[in-house]
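Protein chains in written order, with this note's numbering: chain F, 393 to 634; chain S, 393 to 634.
Ideal placement from N, C-alpha and C gives every residue a C-beta, glycine not left out.
These notes concern the structure reproduced below.
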Ligand SMILES: CC1=C(/C=C/C(C)=C/C=C/C(C)=C/C=O)C(C)(C)CCC1
Ligand SMILES: CC1=C(/C=C/C(C)=C/C=C/C(C)=C/C=O)C(C)(C)CCC1
């Protein structure tokens with residue numbers, strides 16, 4: 393039962409770096425939480441939970457991939473089902489001082505769940521050999537949820553509330569998070585299109601194993617990046633308070 | 393020994409999300425405990441214990457279900473035997489400032505144990521192939537305990553004491569918890585009726601595996617939800633103290 397990572401398998405490589413970096417990020421956020429001003433402690437805790445939950449899933453996904461060589465689709469979506477809503481909670485916590493309601497949080501969460509449910513149907517129930525119509529149909533449905541989140545972050549309530557805080561650190565922080573959603577999250581649909589029947593699979597022959605390669609890279613960027621943005625907001629506040 | 397979750401098995405899916413979310417919730421309650429006012433620290437600790445005990449049971453139930461495909465009835469009731477009484481303790485802690493006695497706590501606990509003992513007999517000793525008379529008899533007996541808890545929460549002592557606190561946060565919190573008992577807890581008997589011989593099994597052909605599906609969903613809602621209600625009461629108090 394020795395962990396073996398073939399030198400020429402970037403997917404296995406990123407499963408392992410994903411696992412370690414998520415774990416380390418959690419330790420970082422949990423420790424630093426004790427230093428930041430009171431009002432940011434919950435946000436840092438949630439950041440640590442996001443990477444911590446991911447670390448556990450990566451531990452299982454890594455082993456699953458290493459022994460079967462196939463995509464751990466169910467584990468992947470179980471991870472997202474928990475971590476994406478927690479990211480919505482982070483948005484809510486950042487905009488709460490400016491008057492964000494629980495309603496906004498729930499709208500973000502429902503859009504995220506919508507996005508994930510259709511993505512899951514698209515991937516998990518893709519017929520043997522792959523079906524382009526299946527993957528496109530559910531991919532488009534899923535994207536509607538994604539676009540709604542983008543709308544809220546870039547033009548809707550989240551944006552308006554950020555401005556109302558009158559706090560340049562928070563405004564900048566929310567802006568950065570919105571960039572993560574626009575650019576970082578866009579890596580996921582690229583991965584999705586590598587599955588059998590997917591556009592990138594058909595057009596360029598990208599292999600199904602690339603699904604996990606993209607997902608692993610995107611997860612590291614988004615989960616740790618999100619947490620670091622929140623962390624920076626908190627640290628900025630700390631140095632101002634001094 | 394790789395954890396494998398079939399993509400088309402929602403029961404396995406919810407066992408895994410249940411496990412992870414309970415675990416994360418405990419970490420959350422344990423950390424946040426340090427921030428809340430002194431008088432809420434015990435309540436937050438109990439919230440974290442409830443989800444923590446559940447996380448351990450889910451870890452074992454998940455593996456049991458994954459390798460046998462059958463209902464981990466004994467583990468399930470072992471979990472409840474510990475966590476449901478702890479929920480009764482939460483009610484007691486919330487109403488204590490208004491004069492709740494240990495007697496009230498014990499009445500809640502005895503009703504809960506009554507409910508669980510008959511539920512256990514109903515499920516664990518259901519004859520081969522399922523017996524409707526068996527499941528109905530013990531289901532009804534169990535429900536008597538459930539109804540008594542509902543009575544205490546909605547009309548009896550818990551309700552009266554909540555009003556006596558004159559603290560709108562606590563009144564609202566207890567009201568929310570009572571809704572959890574009325575709606576969230578009602579999901580359990582639905583699961584129970586899916587077992588062989590149960591009404592929903594006979595009437596609609598709902599499968600025995602749905603027992604665990606309902607229990608898993610209900611557990612996530614009730615255990616984490618209960619804890620979050622208590623957490624919100626504590627945080628509300630914190631912001632008022634400032
Ligand atoms: C749009 C779209 C998708 C988007 C997935 C996203 C945006 C996932 C984000 C996950 C995150 C942020 C996890 C980190 O915790 C899917 C489901 C691949 C299906 C294809 C269409
Ligand atoms: C009424 C009734 C039942 C109720 C079970 C309940 C209400 C369980 C609650 C469990 C909780 C709240 C666990 C969380 O920690 C049974 C036993 C299924 C048997 C059928 C009748």
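is_contact[residue i, chain F] using C-beta, thresh 7 Å
i, result
"residue 453 of chain S", "no"
"residue 397 of chain S", "yes"
"residue 618 of chain S", "no"
"residue 601 of chain S", "no"
"residue 413 of chain S", "yes"
"residue 394 of chain S", "yes"
"residue 423 of chain S", "yes"
"residue 409 of chain S", "yes"
"residue 416 of chain S", "yes"
Check: residue i C-beta below 6 Å from any heavy atom of ligand 2
i, result
"residue 476 of chain S", "yes"
"residue 631 of chain F", "no"
"residue 591 of chain S", "no"
"residue 498 of chain F", "no"
"residue 538 of chain S", "yes"
"residue 506 of chain S", "no"
"residue 614 of chain S", "yes"
"residue 534 of chain S", "yes"
"residue 495 of chain S", "no"
"residue 440 of chain S", "no"
"residue 546 of chain S", "no"
"residue 531 of chain S", "yes"
"residue 472 of chain S", "yes"
Rounded Cβ spacing between residue i and residue j (contact assumed at less than 8 Å)
i, j, result
"residue 588 of chain F", "residue 521 of chain F", "6 Å"
"residue 568 of chain S", "residue 621 of chain S", "5 Å"
"residue 484 of chain S", "residue 490 of chain S", "Not a contact, Cβ separation roughly 11 Å."
"residue 538 of chain S", "residue 577 of chain S", "7 Å"
"residue 586 of chain F", "residue 610 of chain F", "About 12 Å separates the two Cβ atoms, so there is no contact after all."
"residue 441 of chain F", "residue 419 of chain S", "6 Å"
"residue 508 of chain S", "residue 476 of chain S", "6 Å"
"residue 467 of chain F", "residue 562 of chain F", "Going by Cβ atoms, the distance from residue 467 of chain F to residue 562 of chain F rounds to 35 Å, so no, they are not a contact pair."
"residue 592 of chain S", "residue 582 of chain S", "7 Å"
"residue 619 of chain F", "residue 439 of chain F", "3 Å"
Cβ-heavy atom distance, residue i to ligand 1, below 6 Å
i, result
"residue 584 of chain F", "yes"
"residue 556 of chain F", "no"
"residue 443 of chain F", "no"
"residue 588 of chain F", "no"
"residue 580 of chain F", "yes"
"residue 511 of chain F", "yes"
"residue 577 of chain F", "yes"
7 Å Cβ cutoff, residue i in contact with chain S
i, result
"residue 404 of chain F", "no"
"residue 500 of chain F", "no"
"residue 436 of chain F", "no"
"residue 573 of chain F", "no"
"residue 625 of chain F", "no"
"residue 607 of chain F", "no"
"residue 456 of chain F", "yes"
"residue 443 of chain F", "no"
"residue 474 of chain F", "yes"
"residue 465 of chain F", "yes"
"residue 516 of chain F", "yes"
"residue 513 of chain F", "no"
"residue 594 of chain F", "no"
"residue 470 of chain F", "yes"
Proximity test, Cβ basis, 7 Å: residue i and chain B
i, result
"residue 459 of chain F", "Annotation note: the requested chain B is absent from the structure, which comprises protein chains F and S."
Inset, instruction - Identify every run of the alpha helix (DSSP H) within the region 404-486 of chain S, keeping only runs that are complete inside it and at least 4 residues long; order them along the chain. - result: 433-460
Legend entry - Within the region 529-603 of chain F, ranges of the alpha helix (DSSP H) (whole runs, at least 4 residues): 549-556, 560-571, 579-584 and 591-596
Legend entry - Residue ranges of each alpha helix (DSSP H) within the region 485-522 of chain S, 4 or longer: 494-516
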